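K.L.:
What follows is a structure written as structure tokens; I'll ask about it next.
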Amino acid sequence: IFAAAGFSLASLARKPDQPINLDLLRHFIGDRQVHSGRILLQVPPVADNSRVVPVLVSVESPMTEQDYVRLVLLLVPGNVDAEAATYHFTPDCGRARVDFRCRLRRTTPVIALAEMSDGSVYMADKTVTVPGSEPVVVG
572 IFAAAGFSLA SLARKPDQPI NLDLLRHFIG DRQVHSGRIL LQVPPVADNS
622 RVVPVLVSVE SPMTEQDYVR LVLLLVPGNV DAEAATYHFT PDCGRARVDF
672 RCRLRRTTPV IALAEMSDGS VYMADKTVTV PGSEPVVVG
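With the sequence shown counted from 1, adding 571 to any position gets you the numbering used here.
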């Protein structure tokens with residue numbers, strides 16, 4: 572499913588004693604192919620304060636009735652609740668951009684998924700290092 576983006580569901584797995592529930596991701600993706608591009612994900616490479624990590628997500632879209640971003644889903648596999656945020660958009664929003672703060676428990680990828688009005692899915696991910704923490708096992 573994630574082959575187009577060079578990603579696999581297995582890469583979201585945490586340590587065996589801390590399994591992640593992938594039902595949300597599987598439900599969101601279904602059997603659709605995931606594309607790269609269109610998403611700008613900005614997070615710091617190192618979290619100076621893991622309680623308030625800035626996250627900016629912007630999705631390229633004309634935001635017209637024919638072509639717009641329906642929703643953006645943010646996942647943080649290193650947190651107990653991997654679903655950090657879900658944002659819904661309409662063409663009336665004018666742009667698909669969110670800027671928020673997120674708490675990170677450990678070094679982890681931050682994953683942004685965008686569903687477009689035509690049903691296509693795009694993904695971007697970046698890893699944020701939390702000093703003094705064990706990283707999420709990837710791959």
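Here a beta-carbon is modelled for each residue, glycine too, at the ideal position from N, C-alpha and C.
On a predicted model such as this, the values are computed, not experimentally measured, just so you know.
Run through DSSP, which three-state label would P680 get?
P.N.:
In this structure, P680 counts as strand in the three-state DSSP scheme.
K.L.:
Are L645 and E636 close, meaning C-beta to C-beta below 9 Å?
P.N.:
no
K.L.:
Can the beta-carbon of P616 be found closer than 9 Å to that of P648?
P.N.:
no
K.L.:
Taking C-beta to C-beta, are V640 and C673 nearer than 9 Å?
P.N.:
no
K.L.:
Taking only the alpha-carbon atoms, compute the straight-line gap between Y658 and G703 and give it to the nearest angstrom.
P.N.:
31 Å
K.L.:
Please report the straight-line C-alpha distance between F599 and N620, rounded to a whole angstrom.
P.N.:
30 Å
K.L.:
Using only the alpha-carbon positions, how far apart do R677 and V628 sit?
P.N.:
21 Å
K.L.:
DSSP three-state label for D652, please.
P.N.:
Taken through DSSP and simplified to helix, strand or coil, D652 comes out as coil.
K.L.:
D638 by DSSP, collapsed to three states: which one?
P.N.:
coil
K.L.:
Might you give, ordered along the chain, the residues of its own chain that have their beta carbon closer than 6 Å to the beta carbon of A685, omitting 5 neighbours on each side?
P.N.:
I610, V630, V640, V643, Y693
K.L.:
Please state whether DSSP places D619 in a helix, a strand or coil.
P.N.:
Here DSSP, grouped into helix, strand and coil, assigns D619 to coil.
K.L.:
Kindly indicate which residue of L675, F660, R597 has the alpha-carbon position closest to the one of V701.
P.N.:
L675
K.L.:
Taking the Cβ atom as the reference point for each residue, do V614 and V669 lie within a distance shorter than 9 Å?
P.N.:
no
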